Amino acid sequence: MRTEPQHVVHRILTGLVTIPCALLLTAATHAQCPADLTDDGMVGGMDLSVLMAAWATDGSQQPGSDINGDGVVGGADLAAMLGAWGPCVTTPAWATLIEAWPDPSVVTNANLRAAITATGLAWRVKDTATQIEFVLIPPGSFQMGCSASQWFPCNPDESPVHTVTLTNAFYMGRYEVTQAQWQARMGLNPSYFQSVSEEVSATEVPNRPVERVSWDMIQGFLTPGMRLPTEAEWEYAYRAGTTTAFHGFAGSLNGTNDDSQLVNIAWYAANEGTQTRPVGGKFGNGYGLHDMSGNVIEWVSDQYDMNYYGSSPQNNPPGPDKGSTRVVRGGCFETRFDSTNTCRASYRAALAPENSPGTVGFRVARTP
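One gets our numbering by counting positions in the sequence shown from 1 and adding 18 to each.
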């Protein structure tokens with residue numbers, strides 16, 4: 019006599035059926051979480067409903083329901099699901115889960131998606147305390163340094179090109195820190211662009227990036243565990259697997275050296291020149307990061323040394339151990355900043371940490 023699935027569920031939950039430990043361990047630790055049939059980052063009641071609807075079939079009508087791939091949806095699949103019950107990925111204690119797995123429409127490169135998934139960490143989260151959104155950047159290696167565009171050569175401090183390996187995953191702010199986020203934590207807003215304009219409505223003003231913040235001021239904003247990215251992390255995250263002057267975007271997924279294409283990913287001299295814009299208004303890169311090329315210039319953690327690339331360590335370079343200035347990266351909206359030149363992936367500059375010009379802001383990082 020065939021055992022009905024609901025009876026199997028009852029017997030497993032009440033301990034009347036023994037599930038092999040190896041099966042539970044495999045299901046619970048599988049990086050791709052095959053029991054998550056609804057792809058929401060959790061194995062739960064919705065997934066059980068899908069499994070029950072496919073019971074005793076080959077699973078073809080309910081894709082993925084034949085979890086163990088033996089050609090029939092039955093007790094072994096149910097055991098695997100119950101063994102994996104709960105979250106599929108690890109969400110850091112400081113965060114609220116937004117999206118467990120990388121969205122293929124955002125992270126279009128299958129290799130990048132696989133690298134993110136392999137970490138076992140949630141892809142997209144929100145810092146519970148500050149409401150800053152983060153996306154996960156997986157570990158990996160890249161060529162750091164000179165990426166000339168069609169219009170601009172590299173500067174001496176962008177050489178030599180060298181291999182850098184980041185051995186640990188980290189979270190990077192999806193957007194530059196906004197005026198609203200800064201004011202909520204610091205109680206004031208130092209930004210110049212606090213007014214409405216023809217292009218930016220009153221409801222959008224709080225989503226402009228905060229600016230006129232010095233490196234020193236930012237240290238008071240950072241919560242425990244929150245930090246500025248290193249220069250190597252910033253460039254690795256900017257490139258998102260590309261090797262070109264400008265990161266990829268919808269329509270040019272592998273990146274481009276064509277300066278005229280920068281309008282798709284950045285607010286800079288040619289398409290703005292007078293004001294900041296609300297964050298996220300341009301195409302993101304292959305990790306889902308926005309405004310890396312331009313809206314405001316961004317502080318990073320490193321001290322600046324124009325010759326550092328010749329001696330920096332390959333693994334997790336922290337920047338020089340001394341220096342009077344700090345590195346800034348990326349371009350900005352203002353016309354006096356060399357148009358597309360400062361928006362290149364490898365462009366680097368320096369400012370005194372106490373300086374707070376109206377063109378400079380930041381984004382944050384966290385180590386899970």
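All C-beta atoms in this analysis are idealised placements derived from N, C-alpha and C, irrespective of residue type, glycine included. Predicted model, so just to flag it, every value in this text is computed and none were measured.
Please tell me whether P296 and N225 are closer than 8 Å, where the distance is taken between their beta carbons. Indexing the sequence shown from 1 puts residue 296 at position 278. Indexing the sequence shown from 1 puts residue 225 at position 207. Yes, the Cβ-Cβ distance between P296 and N225 is below 8 Å.
So, under 8 Å CB-CB, R381 and Y193 are touching, yes? Tell me the CB distance rounded to an integer number of Å. Mapped onto the sequence shown, residue 381 falls at position 363. Mapped onto the sequence shown, residue 193 falls at position 175. 7 Å between Cβ atoms; contact.
Taking the beta carbon of S159 as the centre, do at least 16 other beta carbons fall within 10 Å, making it buried, or is it exposed? Residue numbering aside, residue 159 sits at position 141 when the sequence shown is read from its first letter. It counts as exposed.
Would you list the residues sitting across from K144 in a DSSP beta bridge? In the sequence shown, residue 144 corresponds to position 126, counting from 1. DSSP, once it has assigned bridges, lists T114, E151 as partnering K144.
Straight-line CA distance for I150 to F211? Taking the first residue of the sequence shown as 1, we reach residue 150 at position 132. Taking the first residue of the sequence shown as 1, we reach residue 211 at position 193. Spanning the two alpha carbons is a distance of roughly 20 Å.
Nearest to G104 by CA position, among F152, G82, C51, is which residue? As a first step, residue 104 is located in the sequence shown; it is residue number 86 there, counting from the start. Minimum Cα distance to G104 is reached at C51.
Would DSSP call V61 helix, strand or coil? Here residue 61 is taken as the residue at index 43 of the sequence shown, counted from 1. For V61, the secondary structure class from DSSP, reduced to helix, strand or coil, is strand.
At which residues does the beta strand (DSSP E) containing G316 begin and terminate? On the sequence shown, residue 316 is found 298 positions in, with the first residue counted as 1. Before going further, note that residue 316 is Glu rather than Gly in the sequence given. Per DSSP, E316 belongs to the beta strand (DSSP E) from 315–321.
I need the DSSP call for P227, collapsed to helix, strand or coil. In the sequence shown, the residue the question calls residue 227 occupies position 209. DSSP places P227 in strand when its eight states are reduced to three.
Reduced DSSP secondary structure (H/G/I, E/B, other) of G379: Residue mapping note: residue 379 aligns to position 361 of the sequence shown, counting from 1. DSSP places G379 in strand when its eight states are reduced to three.
To the nearest angstrom, how far is it from the Cα of T274 to the Cα of T294? For the purposes of this step, residue 274 is taken as residue 256 along the sequence shown, with counting starting at 1. For the purposes of this step, residue 294 is taken as residue 276 along the sequence shown, with counting starting at 1. Approximately 24 Å, taken between the alpha carbons.
Between which two residues does the alpha helix (DSSP H) carrying Y256 extend? For the purposes of this step, residue 256 is identified with residue 238 of the sequence shown, where counting begins at 1. Y256 -> alpha helix (DSSP H) spans 249–257.
Please check the pair E372 and D234, which I expect to be a contact at CB under 8 Å, by giving their CB distance rounded to whole angstroms. Here the question's residue 372 lines up with position 354 in the sequence shown. Here the question's residue 234 lines up with position 216 in the sequence shown. Indeed they touch by this definition, with Cβ atoms about 5 Å apart.
S83 and L96: beta carbons closer than 8 Å? As a working note, residue 83 is residue 65 in the sequence shown. As a working note, residue 96 is residue 78 in the sequence shown. No.
Residue closest to D387, alpha-carbon to alpha-carbon, out of P122, G191, N272: What the structure shows of the chain is the stretch from 19 to 386, and residue 387 is not part of that stretch, so it cannot be assessed.
When you compare each of I155, S209, H180, L369 to Y322 by their alpha carbons, which one comes out closest? Mapped onto the sequence shown, residue 322 falls at position 304. The shortest C-alpha separation from Y322 is found at L369.
Taking the alpha-carbon positions, what's the L41 to F301 distance? Walking along the sequence shown from the start, residue 41 turns up at place 23. Walking along the sequence shown from the start, residue 301 turns up at place 283. Low confidence applies here, because L41 scores a pLDDT of 31, under 50, leaving its location unreliable and the question unanswered by this model.
Using the Cα positions of S78 and M310, report the straight-line distance between them to the nearest angstrom. Taking the sequence shown and counting its residues from 1, one reaches residue 78 at position 60. Taking the sequence shown and counting its residues from 1, one reaches residue 310 at position 292. Each residue's alpha carbon lies about 43 Å from the other.
Report back the beta-carbon spacing between E249 and R366 to the nearest angstrom; my notes put them in contact at under 8 Å. In the sequence shown, counting from the first residue as 1, residue 249 sits at position 231. In the sequence shown, counting from the first residue as 1, residue 366 sits at position 348. Indeed they touch by this definition, with Cβ atoms about 7 Å apart.
Tell me which same chain residues have a C-beta within less than 7 Å of the C-beta of G376, skipping the five on either side of it? The residue given as residue 376 occupies position 358 in the sequence shown. Y210, E229, R230, listed in sequence order.
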